[in-house]
Amino acid sequence: MAFTLVVNGTEQRVNVEPEKPLLYVLRDDLTLTGTKYGCGEGQCGACTVLVDGSPERSCRLPVSSAAGKKITTIEGLSHGEKLHPIQQAFLDIEAFQCGYCTSGMIVSAAALLERTPNPSDQQIISHMDGFRTPAA
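According to my numbering, the sequence shown is numbered sequentially starting from 298.
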């Protein structure tokens with residue numbers, strides 16, 4: 298089935314099964330590999346993308362639910378060589394750990410700051426809760 302997605306500001310047309318997770322459409326069909334597979338259960342946050350400005354776990358979101366919506370991946374946060382302020386902050390303080398779930402954390406933090414420019418510590422903790430190491 299054909300779906301039209303607006304990914305990082307560019308209209309993309311894909312021909313996939315409606316239940317295919319958005320994560321796999323992004324990675325396999327559109328070759329946007331910044332969004333990572335972590336747990337496959339929507340728990341760890343490595344696959345987080347923005348859908349119409351809200352953070353969503355793309356491993357559990359069928360492409361049919363994202364059709365016609367504005368999707369922003371980690372690749373879409375920067376503008377050419379200019380990094381998003383959250384990306385730059387992660388670089389500046391070397392906040393990468395292993396780097397696997399970093400893209401999801403950055404995308405989620407960017408969404409928080411878009412909605413709440415000066416969040417409290419509790420708002421940050423509450424919003425970022427859910428970024429965990431996938432179960433082995």
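Even for Gly, the Cβ is constructed at its ideal location relative to N, Cα and C.
So what does DSSP say about residue i, is it helix, strand or coil?
i    : result
V303 : strand
S423 : helix
T399 : helix
I371 : helix
V360 : helix
P352 : strand
E391 : coil
V346 : strand
Q309 : strand
Measure the CB-CB distance between residue i and residue j and report whether it falls below 8 Å.
i    : j    : result
M425 : S400 : no
K367 : D389 : no
C344 : L329 : no
L347 : T332 : no
Determine the burial state of residue i: buried for a count of at least 16 other Cβ atoms within 10 Å of its Cβ, exposed for fewer.
i    : result
S417 : exposed
E353 : buried
I422 : exposed
G373 : buried
M298 : exposed
R324 : buried
G335 : buried
C395 : exposed
Q419 : exposed
F393 : exposed
A433 : Residue placement at A433 is flagged as unreliable, the pLDDT there being 41, under the threshold of 50; a coordinate-derived value is accordingly withheld.
Q384 : buried
Rounded C-beta distance between residue i and residue j? I'm assuming under 8 Å.
i    : j    : result
G339 : C356 : 6 Å
V304 : L327 : 6 Å
A408 : S351 : 6 Å
L358 : P318 : 6 Å
M402 : G342 : 7 Å
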